[in-house]
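Quick note: the sequence shown uses the numbering used here, first residue 3, plus one each step.
Heads up, the thing below is written out as structure tokens.
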Amino acid sequence: MKILLTAINAKYIHSNLAVYSLQAYAAAHGHKIERAEYTINNQLEDILEKIYRQKPDVLLFSCYIWNIEYVKELVSEFHKLRPEVPIWVGGPEVSFETERFLRENPAVTGIMMGEGERTLTELCDYFEQCEQDTQFTTKNREEVQTELVRAHAENEKRTGDLSEIKEKMLEKIDGISYRRSDGTVAIQPLCSLLPMDELPFCYANLKEFEHRIIYYESSRGCPFSCSYCLSSVDKKLRFRSLPLVYKELQFFIDAKVPQVKFVDRTFNCQHEHAMGIWKYIKEHDNGITNFHFEISADLLREDELELISDMRPGLIQLEIGVQSTNEITIREIHRTMKLELLKDIVRKIQSGENIHEHLDLIAGLPYEDYATFAKSFDEIYALKPNQLQLGFLKVLKGSYMYEHAAEYEIVYHAKTPYEVMKTKWLSFDDVLKIKQVEEMLEVYYNSGQFEITMKVMEPLFDSAFAMFQELGVFYEEKGYFGMSHSRIRRAEILLEFMREQKSEDAVLQMIEESLTFDLYYRENCKSRPFWAPSPAEFKEQTRYYCKNGVKSHVEPFHYRFPEKSKKALNEIPTRLKQPVYMLFDYENRDPLDHQAHVTEVAAASMTEGAENVGKAKLC
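This is how it looks when you write it as structure tokens:
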């Protein structure tokens, strides 16, 4: 029997930890399940063809908000071709309102609800038993040629009983919802949760994960009750034992995988567990592997902060959910967050200059209007994380927010990802304006390509939010949204925007030079921006300091721009009478953002002394 477990991921670099865990657990219990992975960027017709060619006897799909529409269409089309093949689905997108889903998708045989390892293994037993029963019935039909009367009567009885027998077998499996032969829907109780140590390790063969993110879980469940999150539905928090975690992490370390992304909902919710893992990866650091954790900042203790403060730069990165700074909103969504403590912790993490930090905000939450969201944005932006993710509320089936959407007058898209359109406090016009801010934030801040320019621009506007909002309006008016722009074109647009906003020559000169700085910060540009001075004006400096060609670059500036440690500026830099020369070293990059190491060097001349000074400054 061929059981095919299918995942459709958002991107190629993603891997679906769920299907690997399901496959590994089933294999440990004697069942062979084949696996197929695709992305939502694949043509649906191509996926259908590839699945059909594999000739599955049972077809399974892992369902999430980003792939459910694909899955539903694939199920419908495949059923037309192979109506005899049972099709089962599982995952968070189908684990709630199962009766409705089965009614709306008649080609689906059944649903695996909640955690699926044990459930799928029991279903495999069921599939194999059904195959044996089918073979027995077929055999009886062959016997009709020799024992027509007796065999026919026996066969008819067997065939009539088969569907009833199958349903009796399904009734013994927890964690499933399925359509009975009479058309009604059966919903079994959820399966008991497995101890984490019983889940097999999924990554024995790393060759298939080249150029893909490795996902790892050391715990399941979450102790918190955030109203927008499905993790709040089940409070059963379980941890994988530390000795087993150490063994598995060492496997990644020995293999020198680029990144291991922990999917634990709140990694540091148990102090001893978090400390144990952080100590281990610090002591066994291979200088290459990076580990990503989603944490609650205000839970971090002093000993944890001390432990991570001197880790190798880039060894770990932290994602911290803030969501809002509005106290009423925080309370309403059942968050347990102490804002001032969170800010203090974030600053302490940043003080080590060794950890990539990612802060999250959500627009569309209860009691958050346009003005209060702008305030939340400015408060968190002021912390200057490496990335600030601005997302929009998704009303997920089964969540508290889903159950209370009418109370909050939340209007959201009927199809995935069920994103908010308006609320009692936020109009659709406001949502559209925030979406403009989101896109500008991604392009000009989160990309890391305009670090210096963002710093020097901010004091020129009423607030950071206002800056991104005005830039978004500019993009809309010029028709720049929806177009693919190169990095240098993005810089040109920003300069165009500032020329409309500010007429002062000194400001525009500073913006031109900051944009030039940012362009060379990331790479030795093959083509120079039109506003930059001709390289002929500083060819002597280039000859002295850039003997490695593309590996370094020298550029003159009439401004001293802020260093990385300077998070915000109270005033813009003043213009210097004489330029300073900055050397961009591309062989020595910042491990957190991969920007070039920049050194101020002496103005070169034809004298030996000046050349020696310049060399000394490079050391």
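Ideal placement from N, C-alpha and C gives every residue a C-beta, glycine not left out.
Exercise. When the Cα atoms are used, what is the spatial distance from S97 to M115?
Worked result: Within the sequence shown, the letter at position 95 stands for residue 97. Within the sequence shown, the letter at position 113 stands for residue 115. S97 and M115: Cα-Cα distance of roughly 5 Å.
For this session: Have a look at I113 and R501 and give me their C-alpha separation to the nearest angstrom.
Result: One-based indexing of the sequence shown puts residue 113 at position 111. One-based indexing of the sequence shown puts residue 501 at position 499. Computed Cα separation, rounded: 58 Å.
For this session: Using only the heavy atoms of the ligand PLP, determine whether one of them is closer than 7 Å to the beta carbon of P108.
Result: Absent from the structure shown: the ligand PLP. Ligands present: none.
Problem set entry | Three-state secondary structure (DSSP) of S221 | To locate residue 221, count along the sequence shown from 1; it is residue 219. Residue state, collapsed to three classes: strand.
Exercise. Are there 16 or more other CB atoms within 10 angstroms of the CB of G185, so buried, or fewer, so exposed?
Worked result: Residue numbering aside, residue 185 sits at position 183 when the sequence shown is read from its first letter. Exposed: under 16 other Cβ atoms inside 10 Å.
Exercise. Does the Cβ-Cβ distance between F586 and Y523 come in under 8 Å?
Worked result: For this step, residue 586 is matched to residue 584 along the sequence shown. For this step, residue 523 is matched to residue 521 along the sequence shown. Yes.
Exercise. Which of helix, strand or coil does DSSP assign to Y66?
Worked result: What you label residue 66 is simply residue 64 of the sequence shown in a count that begins at 1. The answer is coil: DSSP assigns Y66 none of H, G, I, E or B.
For this session: Ignore the nearest five residues each way along the sequence and tell me which others in T338's own chain have a CB closer than 7 Å to its CB.
Result: The residue given as residue 338 occupies position 336 in the sequence shown. Here the set comprises F226.
Problem set entry | Residue ranges of each alpha helix (DSSP H) within the stretch 326-358, 4 or longer | 329-334, 341-353
Exercise. T425 lies in the alpha helix (DSSP H); which residues open and close that run?
Worked result: Taking the first residue of the sequence shown as position 1, residue 425 is located at position 423. Segment: none, T425 is in no alpha helix (DSSP H) and carries neither H nor E.
For this session: Tell me, please, which residues DSSP counts as bridged to V603.
Result: Residue numbering aside, residue 603 sits at position 601 when the sequence shown is read from its first letter. According to DSSP, which records beta bridges pairwise, V603 is partnered with Y583.
Exercise. What are the boundary residues of the beta strand (DSSP E) that V646 is part of?
Worked result: Outside the shown range of the chain (3 to 621) lies residue 646, about which nothing can therefore be said.
For this session: Select from A28, E106, H16 the residue whose C-alpha is nearest the C-alpha of W68.
Result: As a position in the sequence shown, residue 68 is number 66, starting the count at 1. Answer by Cα proximity: H16.
For this session: Taking only the alpha-carbon atoms, compute the straight-line gap between Y248 and S311 and give it to the nearest angstrom.
Result: As a position in the sequence shown, residue 248 is number 246, starting the count at 1. As a position in the sequence shown, residue 311 is number 309, starting the count at 1. Their backbone Cα atoms lie some 21 Å apart in a straight line.
Problem set entry | Residue nearest to H360 in terms of C-alpha spacing, selected from E565, L343, G393, Y369 | By one-based count along the sequence shown, residue 360 stands at place 358. Of E565, L343, G393, Y369, the residue nearest in Cα terms is G393.
Exercise. Rounded to the nearest angstrom, how far is the Cβ of K284 from that of L246, given a contact under 8 Å?
Worked result: In the sequence shown, the residue the question calls residue 284 occupies position 282. In the sequence shown, the residue the question calls residue 246 occupies position 244. At roughly 19 Å, the Cβ-Cβ gap does not stay under 8 Å, so K284 and L246 are not in contact.
Exercise. Which value, in whole angstroms, describes the spacing of the CA atoms of S194 and D266?
Worked result: Within the sequence shown, residue 194 is the residue found at index 192, counting from 1. Within the sequence shown, residue 266 is the residue found at index 264, counting from 1. About 20 Å.
For this session: Would you check if the stretch 77-92 and the stretch 55-64 touch, i.e. whether three or more CB-CB distances between them fall below 8 Å?
Result: yes
Exercise. Does DSSP put E308 in a helix, in a strand, or in coil?
Worked result: Along the sequence shown, read from residue 1 onward, the residue named residue 308 stands at position 306. Helix.
Exercise. My guess is that F463 and M469 are in contact by the Cβ rule of under 8 Å, so how many angstroms apart are they, rounded?
Worked result: As a first step, residue 463 must be located in the sequence shown, where it is residue number 461. As a first step, residue 469 must be located in the sequence shown, where it is residue number 467. F463 to M469, Cβ: 4 Å. Contact.
For this session: Keeping to the same chain, check which residues put their C-beta closer than 6 Å to that of Y372; ignore five residues upstream and five downstream.
Result: To locate residue 372, count along the sequence shown from 1; it is residue 370. These residues qualify, in order along the chain: D432.
Exercise. Per DSSP, what kind of secondary structure is A416 in: helix, strand or coil?
Worked result: Taking the sequence shown and counting its residues from 1, the one referred to as residue 416 is at position 414. Correct three-state label for A416: coil.
Exercise. Is T268 helix, strand or coil when you go by DSSP?
Worked result: The count along the sequence shown starts at 1 and reaches residue 268 at position 266. Coil.
Exercise. Thinking C-beta only, is D595 closer than 8 Å to N448?
Worked result: Translated into positions along the sequence shown, residue 448 becomes position 446. Translated into positions along the sequence shown, residue 595 becomes position 593. No. Outside cutoff.
Exercise. How is V21 classed by DSSP in three states: helix, strand or coil?
Worked result: Taking the sequence shown and counting its residues from 1, one reaches residue 21 at position 19. Here V21 sits in helix by DSSP.
For this session: Please state whether DSSP places M459 in a helix, a strand or coil.
Result: On the sequence shown, residue 459 is found 457 positions in, with the first residue counted as 1. Helix, per DSSP.
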